[in-house]
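The structure appears below as structure tokens.
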Amino acid sequence: MKARAPRPPRPATLPGVTAPPPAPPAPVSPGRSFWRTWVLGALLPIYLLTTFLGTIARVDGDSMNPTLHNGDVLLLVKAPRWLHAWGLTPTGQPYPRRGDVLIFKAPEGSEYAYETEYGLRHRPYNIKRAVALPGDTVAITDGTLILNGRPLTEPYASEGFVQDQPPLTVPAGHVWVIGDNRQQGSSLDSRVYGPVSLRDVAGPANLRLWPRPGLVSR
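Take the sequence shown: its letters are residues 1 to 218, numbered as in UniProt numbering.
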């Protein structure tokens, strides 16, 4: 048997007397409105998009000639970098891939890691090609890149002089990069500052948006 709880008594009403209208909602302060509209509604999604998914990158310099030129606009994809950092890289899809065009910061201990602009010292981003991955052995012999004991075919590289270097095994969590422009003095890369930590890699930029949209040659 269920016991029904007694209902509270209804307020008495008098004939001809109406209840007062409900009070209007309190006005939203300008600061709270700005926070909701611009920070949560616009700025936060843009921040998440450009931090974890991708953004636009512009080539500065000639170190990637003839593949890329000064002023070219690329799509920088950041998602693979975060998936790798979180241990979520899909099976069979290594990061980075050999031949990827990478955007990264030079090793912090290198004399080429920092530059000063408008009185501010900072670590700029660089753009080079990933040639050797963790565990690979790379060398330069008679001007030819030798990867794991075999000459590496590089249809994207320019002609030029490349100084010989002894074999080097890329440590875990690093990548060996080099510019496509092999003219002497045209590119500062792993030949100068050594392998780059994957923690300093922003991600691959294998798609050119402007001019001549399309995938970058590998």
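Using N, Cα and C, we set each Cβ at its ideal position, and we do this for glycine too.
H84 versus A42 - alpha carbon distance: 28 Å
Extent of the continuous alpha helix (DSSP H) run through F104: Where F104 is concerned, there is no enclosing alpha helix (DSSP H), although the beta strand (DSSP E) it sits in stretches over V101 to K105.
Where S190 sits in the DSSP three-state scheme: helix
DSSP state of R85 mapped onto helix, strand, coil: In the sequence as displayed, the identity of residue 85 is Ala instead of Arg. Note: A85 maps to helix in three-state DSSP.
Neighbourhood of I192 by C-beta, 8 Å cutoff - its chain only, sequence neighbours within 5 removed: Note on identity: in this sequence residue 192 is Val, with Ile being the wrong assignment. Closer than 8 Å at the Cβ level, and outside the excluded window around V192, lie S110 and Y112.
Bridge-paired residues (DSSP) for T55: L76
Own chain residues within Cβ distance below 6 Å of W82, not counting five before or after: F52
Reduced DSSP category for L68 - H, G, I as helix; E, B as strand; rest coil: coil
CA nearest to the CA of I140, picked from E115, T169, N126 and R123: T169
Residue closest to Y156, alpha-carbon to alpha-carbon, out of K105, T55 and A130: A130
Nonlocal neighbours in the same chain, by C-beta distance under 8 Å from N70, ignoring five residues either side: V59, D60, G61 and D62
G179 to I46 span [Cα, whole Å]: 31 Å
Anticipated Cβ contact below 8 Å, N181 with N65, distance rounded: 4 Å
Rounded distance between the beta-carbons of V177 and D189, thought under 8 Å: 5 Å
Option in R123, V77 and L88 with minimal Cα separation from R208: V77
Rounded C-alpha distance that separates residue 219 from F104: Absent from the model: residue 219. The displayed extent of the chain is 1 to 218, so no value can be given.
Rounded Cβ spacing between S217 and Q183 (contact assumed at less than 8 Å): Actually they do not touch by this definition, with Cβ atoms about 18 Å apart.
Same chain, Cβ closer than 7 Å to V101, neighbours up to 5 away in sequence not counted: I127, R129, P204, A205, N206 and V216
Residue of L133, D72, V201 and Y125 minimising C-alpha distance to P94: L133
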